[in-house]
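Worksheet: the structure to be examined is printed underneath.
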Amino acid sequence: DAPALKAADVGLSMGLTGTKVAMTASDIVILDDRFSSIVRAIMWGRCVYDNIRKFLQFQLTVNVVALLLVFIGSVTGYDPPLNAVMMLWVNLIMDSLGALALGTEMPTMELLERRPYRRNCSLISKPMMRNILSQSAFQLVLLLGLLYGGANLYGVHNGNFCKRWFVEEGVRTSWNPDTYGMEEGGDITCTTMLTGLQGRLDEYPACNMHDNGECYEEYYSKFEDYSLDCLECDAEDFTHFSIIFNTFVFCQIFNEFNARSIKNKLNVFEGLHKNMLFLGVIFFTCLMQIFIVEVAGDFVKTTNLTIVQWVSCVAWGAIALPVGVLMRLIPPRDEDPRTFFDNTQQT
7 DAPALKAADV GLSMGLTGTK VAMTASDIVI LDDRFSSIVR AIMWGRCVYD
57 NIRKFLQFQL TVNVVALLLV FIGSVTGYDP PLNAVMMLWV NLIMDSLGAL
107 ALGTEMPTME LLERRPYRRN CSLISKPMMR NILSQSAFQL VLLLGLLYGG
157 ANLYGVHNGN FCKRWFVEEG VRTSWNPDTY GMEEGGDITC TTMLTGLQGR
207 LDEYPACNMH DNGECYEEYY SKFEDYSLDC LECDAEDFTH FSIIFNTFVF
257 CQIFNEFNAR SIKNKLNVFE GLHKNMLFLG VIFFTCLMQI FIVEVAGDFV
307 KTTNLTIVQW VSCVAWGAIA LPVGVLMRLI PPRDEDPRTF FDNTQQT
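Each number in this note's numbering corresponds to the 1-based position in the sequence shown with 6 added.
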């Protein structure tokens, strides 16, 4: 039996009645000598394979959206919409928590109804590629819309906005760009503000007029250069990018449900009650997202959001579910037949 077991794609031997030579030459040893154990082994093998594909479908979607959002935002003149700490949290969702949620799906009898895959078939099937591209396109359009129009939609400042400036040298007085004049009185030695509004200054006059430190240029052509030398931001408003970050994370949370189906199954909630770890991961992710935005703002560079803003972020993210249904109606709906093993043909 040993040569036959070695030549087989998967060699099986009996653990109770089989010989030592057969067990050594085989790939799988059936410890209880029951045929039903072979069926369970096949089910678990296919289940693990499918779980890996589900995780890849989820992970690639997150990667594509995050990278394109940061790249497009940066090249169009914005600060990166997702900073380094946000990206670390996104990677934790994508890798560790995503693997826990999608890698623990239990096997079902439905797995035995399909033919086995060939050894050389791609892990990313055509329906999976359709799902990844469709979901990525939706999320990217949504997030870019919030990047370029979200400030007007929510009535907040565009990008990362400085609410209060301190003068670098001289009297430590502060200037609030939302009001005319100074907050604390005194003379600002670094400039004379003509209107008191950032972005509406008619000129940027001399800064201290003498060489006594970094702040002594005679003229600045734009506010960004002037503020880097003369002013220090004391309080920032991250509301705009916090909304984008929050919406992005909830898109991934809802898309995690979509990732449970790598084919055309429309009901992505089927059997969800059997995977309590998945539900636990979703619950933990939501709690951590609330903590990051509302409590850890100084570290992550986020600003507390209002109830309306929170509800809208969740609602934007929830659109990923109907998009997940619609995208499964788009061809290709079936995997390439050449990816399956066919014992009627030579492999």
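Idealized CB from N, CA, C, for every residue including glycine. Computed from a prediction, not measured in an experiment: that's the story for all the values here.
Leaving out the 5 sequence neighbours to the left and right, which residues in its chain are closer than 7 Å to residue i when beta-carbon positions are compared?
| i | result |
| --- | --- |
| D243 | H163, F167, K169 and T309 |
| V76 | P86, P87 and L88 |
| N281 | T110, E111 and M112 |
Excluding the 5 residues preceding and the 5 following residue i in the sequence, name in chain order all residues of the same chain whose CB lies nearer than 8 Å to its CB.
| i | result |
| --- | --- |
| F256 | Q295, C319, V320, W322, G323 and A324 |
| R59 | L129, I130, S131, M134 and I268 |
| R124 | R344, T345, F346, F347 and T353 |
| V96 | V68, A72, L88, F254, V255 and Q258 |
| T30 | A8 |
| G21 | M29, V35, I36, L37, D38 and D39 |
| L283 | L106, A107 and T110 |
| E341 | S131, K132, P133 and K269 |
Of the residues the options, which one's Cα is nearest the Cα of residue i?
| i | options | result |
| --- | --- | --- |
| M333 | S140, F297 and G165 | S140 |
| I298 | L94, N270 and V331 | L94 |
| F289 | L106, I313 and N270 | L106 |
| I250 | G156, T82, T30 and L62 | G156 |
| S248 | F61, L335 and V306 | V306 |
| G79 | I36, V147 and R136 | V147 |
| P328 | L272, H279, V287 and T312 | L272 |
| L335 | N137, V287, E262 and K280 | N137 |
| S19 | I36, K12 and P9 | I36 |
| D56 | T82, P113 and V81 | P113 |
| T312 | T245, D340 and G277 | T245 |
| C53 | E300, E116 and L150 | E116 |
| F144 | M92, N270, L74 and D342 | L74 |
| D101 | V287, L150, A302 and S43 | V287 |
| W50 | F64, L285 and L118 | L118 |
Quick check: what's the CA-CA separation for residue i versus residue j?
| i | j | result |
| --- | --- | --- |
| A326 | L293 | 20 Å |
| V6 | A90 | Residue 6 cannot be examined here, being either before or after the span of the chain that is shown, 7 to 353. |
| S32 | R344 | 28 Å |
| I99 | V16 | 35 Å |
| Q5 | D304 | This structure does not reach residue 5, given that the chain is present from 7 up to 353, and the question cannot be answered. |
| V27 | A8 | 7 Å |
| L62 | H279 | 23 Å |
| F260 | G104 | 12 Å |
| R339 | V317 | 34 Å |
| T23 | A47 | 19 Å |
| V331 | L11 | 45 Å |
| L5 | N158 | In the structure displayed, the chain extends from 7 to 353; residue 5 sits before or after that span and is not available. |
| Y84 | M92 | 16 Å |
Among the residues of its own chain, which have a CB less than 6 Å from the CB of residue i, if the five just before and after it don't count?
| i | result |
| --- | --- |
| F4 | Within the shown structure, residues of the chain are numbered from 7 to 353, placing residue 4 beyond reach of any answer. |
| L66 | I138 |
Just to confirm the assignment: which complete beta strand (DSSP E) runs, minimum length 3, are found wholly within the stretch 99-186? Runs of the beta strand (DSSP E) inside the stretch 99-186: 167-173.
Only counting runs of 4 or more residues, tell me where the alpha helix (DSSP H) segments fall wholly within the stretch 281-351, in order along the chain. Annotation: the stretch 281-351 contains the following complete segments of the alpha helix (DSSP H) (minimum length 4 residues), in chain order: 282-300, 303-306, 313-324 and 326-333.
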